[in-house]
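Asks: The sequence shown begins at 1 in UniProt numbering and counts up by one. Below: one structure in structure tokens.
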Amino acid sequence: MLSVKLRKSLSGFNLDVNFTVSIPSYSLILGPSGAGKSLTLKIIAGLMRPDMASIQWRDKEIAFLPPEKREVVYLPQTLALFPHKTVYQNIIYTFKARHISVDKRYVTEIIDKFQVTPFLNRYPSSLSGGEQQRVALARAIAARPKVLLLDEPLASLDFHLKMNLIDFLKRIKKAFSLTIIHVTHDPIEAFKLAENLFILEKGKLTFQGTVKELFMTASSGFSAEVVRQLKSLIPNFSNY
Ligand SMILES: Nc1ncnc2c1ncn2[C@@H]1O[C@H](COP(=O)(O)OP(=O)(O)OP(=O)(O)O)[C@@H](O)[C@H]1O
């Protein structure tokens, strides 16, 4: 299990969340802009100091470990690919940063799974948004995370590419036995991906459960804005 309890106050904004997910699993945090989704991921990854946190990974407290010791990788919305490194150099970066030899077999598996062979020698700026997304995910997986935190990973993609990458994310979760937490404000990603769904509004979780349970409780428990978004995206919402 991954159990997360955290609190953080920042310039008038109060984050207070408490949730548990099984291992491996695919969880979505859905919520409007400014709800505290990115803050939640950054604190889990160790990139932001909380006021209070307990993060238990397989019964071990990791909240006080430095980021590189957590087996957690955070992929920011900006992707943060190194522009002056080729795709291959980006993917093997984690080995270089840790001063360990490149595990060629593992890297070949990643290159194959992420289908990045055709552009290994190119630079990120020459790739499409979806290709850059795959490279960023490949680099994240190369670090051998147990927990992968994705911050709006599909936000800038068109519908077709988004659907392709949704299938792809499901496959990598299975292939690498990952526990993924993916934040978004797009309900369609939640419906396609989530095994567990969390709705975060103004720093508090207002719903935790499956997508099906969300539909069954849709008339209460979370804001009119979230219900409106769901209804506009899912034509037969009211039939669930
Ligand atoms: N470093 C910071 N200093 C002060 N306030 C911050 C900081 N980072 C985030 N906040 C505030 O905390 C709140 C939650 O921010 P967060 O980035 O987690 O929202 P979000 O749900 O990810 O939103 P979005 O969907 O727009 O990315 C916002 O009000 C934001 O302005």
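We put the CB at the ideal spot given by N, CA and C, even for glycine.
1) Using a 10 Å radius around the Cβ and a threshold of 16 neighbouring Cβ atoms, would you call Q77 buried or exposed?
2) Taking the CB atoms as reference points, tell me whether L30 and L154 lie closer together than 8 Å.
3) Can we count G31 as close to ligand 1, meaning its CB is less than 7 Å from some heavy atom?
4) Using 8 Å for Cβ pairs, my map puts V87 next to V116. What's the rounded Cβ distance?
5) To the nearest angstrom, how far is it from the Cα of S238 to the Cα of A138?
6) Please report whether the beta-carbon of T117 lies at a distance below 8 Å from any beta-carbon of chain C.
7) Check this for me: beta carbons of K69 and L39, under 8 Å apart or not?
8) Can you list, in chain order, the residues of its chain whose CB lies under 8 Å from that of D103, leaving out five sequence neighbours each side?
9) Short check: CB of I180 to CB of S27, under 8 Å?
10) Taking 7 Å as the cut-off, does the CB of G209 come closer than this to any heavy atom belonging to ligand 1?
11) Roughly how many whole angstroms lie between the Cα atoms of E189 and G209?
12) So is the beta-carbon of K204 under 7 Å away from any non-hydrogen atom of ligand 1?
13) Please determine whether the Cβ atom of G130 lies at a distance below 7 Å from any heavy atom of ligand 1.
14) Measuring CB atoms only, is the stretch 119-126 touching the stretch 154-172, in the sense that at least three cross pairs come out at less than 8 Å?
15) Can you check the stretch 111-187 for any alpha helix (DSSP H) of at least 4 residues that lies completely inside it and give the ranges in chain order?
16) Going by DSSP, what residues sit across from V72 in a beta bridge?
17) Between A136, P50, A35, which has its C-alpha nearest K85's C-alpha?
18) When you compare only the Cα positions, how much space is there between S132 and L79?
Replies: Let me lay it out:
1) Exposed, by the Cβ-count rule.
2) Remark: C-beta atoms of L30 and L154 do not approach each other more closely than 8 Å.
3) Because some heavy atom of ligand 1 lies under 7 Å away, the Cβ of G31 counts as near it: yes.
4) Going by Cβ atoms, the distance from V87 to V116 rounds to 6 Å, so yes, they are a contact pair.
5) Because the pLDDT of S238 is 46, which lies under 50, any placement of that residue in the model is unreliable, and the question is left without a value.
6) Structure shown: chain C not included; a single protein chain is present.
7) Cβ distance not < 8 Å, so K69 and L39 don't count as in contact.
8) Hits under 8 Å: F95.
9) Contact: yes.
10) No; taking the cut-off as 7 Å, the Cβ of G209 has no heavy atom of ligand 1 nearer than that.
11) Straight-line Cα distance between these residues: approximately 15 Å.
12) The answer is no for K204.
13) No, the Cβ of G130 stays beyond 7 Å of every heavy atom of ligand 1.
14) Too few Cβ pairs lie closer than 8 Å, so no.
15) If we require 4 residues or more, the alpha helix (DSSP H) runs fully inside the stretch 111-187 come out as 129-142, 159-175.
16) For V72, which the question treats as bridged, DSSP gives the partners V147.
17) Comparing alpha carbon positions, the residue from A136, P50, A35 closest to K85 is A136.
18) Checking the sequence shown, residue 132 turns out to be Gln, not Ser. Computed Cα separation, rounded: 8 Å.
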